[in-house]
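Novice: Per numbering that gives the first Met the number 0, numbering through the sequence shown is continuous, rising by one, with the last residue being 133. Ideal placement from N, C-alpha and C gives every residue a C-beta, glycine not left out. The following block contains the structure, expressed as structure tokens.
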Amino acid sequence: MKVEAFLFGCIAVFFAGSAVLYGYWSHWDPPGTAALVMAFLMAALITFFCGMQYRRKGRRPQDRSDAEVADGTEPLGFFPAKSPWPVVTALGFAVLSTGVVFGLWLFLIGAGVLARGVLGMVFQYAERGARQED
0 MKVEAFLFGC IAVFFAGSAV LYGYWSHWDP PGTAALVMAF LMAALITFFC GMQYRRKGRR
60 PQDRSDAEVA DGTEPLGFFP AKSPWPVVTA LGFAVLSTGV VFGLWLFLIG AGVLARGVLG
120 MVFQYAERGA RQED
């Protein structure tokens, strides 16, 4: 992750410099400057994430020349078989987006369905970790 953090750090510096130069030359044109500032913030966020992962976990097996293939064969994570919550979330977002066009009442219904779908996905396996510790 060290290489990725450096790469995205360079991209963030490029976008920061571009935002300052573009803003100065365009007399602080709001849309263009805002887009470049947002690009800088997104690259900086990825830089921060990669840097923190490197500090927590150290070098990955892929980054070491003396690593064996077996060093990188750990479980990747938990992937659920099936869940209704992505469909509920997509439906809520569709209704919410339609509500932007047709009215506040439909927007609020969509916001409620979307919130329920997101909360369902977040807390679907909340008790899974507690059951594994027993």
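1. For D70, which three-state DSSP category applies?
2. Threshold first: 4 residues or longer. Then list the alpha helix (DSSP H) segments lying entirely within the segment 49 to 125, N to C.
3. Looking at the structure shown, is S17 part of a helix, part of a strand, or coil, going by DSSP?
4. I need the DSSP call for M41, collapsed to helix, strand or coil.
5. Mind checking whether L35 and Y23 have CB atoms under 8 Å apart?
6. Roughly how many angstroms separate the alpha carbons of K56 and F122, rounded to a whole number?
7. Below 8 Å on the Cβ atoms is my contact criterion, and I expect A110 with L95 to pass it. Report the Cβ-Cβ distance as a whole number of Å.
8. Thinking T46 and A11 are a contact (beta carbons under 8 Å), I'd like their distance in whole angstroms, please.
9. Ordered along the chain, which non-local residues of its own chain (more than five positions away) have a Cβ less than 6 Å from that of G116?
Specialist: To lay it out plainly:
1. The residue labelled residue 70 in the question sits at position 71 within the sequence shown. D70: helix per DSSP, three-state reduction.
2. 84 to 101, 103 to 122
3. Counted from its first residue, the sequence shown places residue 17 at position 18. Of the three classes helix, strand and coil, the one that applies to S17 here is helix, per DSSP.
4. Here residue 41 is taken as the residue at index 42 of the sequence shown, counted from 1. Of the three classes helix, strand and coil, the one that applies to M41 here is helix, per DSSP.
5. For the purposes of this step, residue 35 is identified with residue 36 of the sequence shown, where counting begins at 1. For the purposes of this step, residue 23 is identified with residue 24 of the sequence shown, where counting begins at 1. Not closer than 8 Å, so no.
6. Within the sequence shown, residue 56 is the residue found at index 57, counting from 1. Within the sequence shown, residue 122 is the residue found at index 123, counting from 1. Taking the straight line joining both Cα atoms gives about 27 Å.
7. As a working note, residue 110 is residue 111 in the sequence shown. As a working note, residue 95 is residue 96 in the sequence shown. The pair is a contact, with the Cβ atoms about 6 Å apart (cut-off 8 Å).
8. Your numbering for residue 46 matches position 47 in the sequence shown. Your numbering for residue 11 matches position 12 in the sequence shown. That belief holds up - the Cβ atoms of T46 and A11 are roughly 6 Å apart, short of 8 Å.
9. Taking the sequence shown and counting its residues from 1, the one referred to as residue 116 is at position 117. Within the same chain, G116 has close Cβ partners W84, V87, T88, G91.
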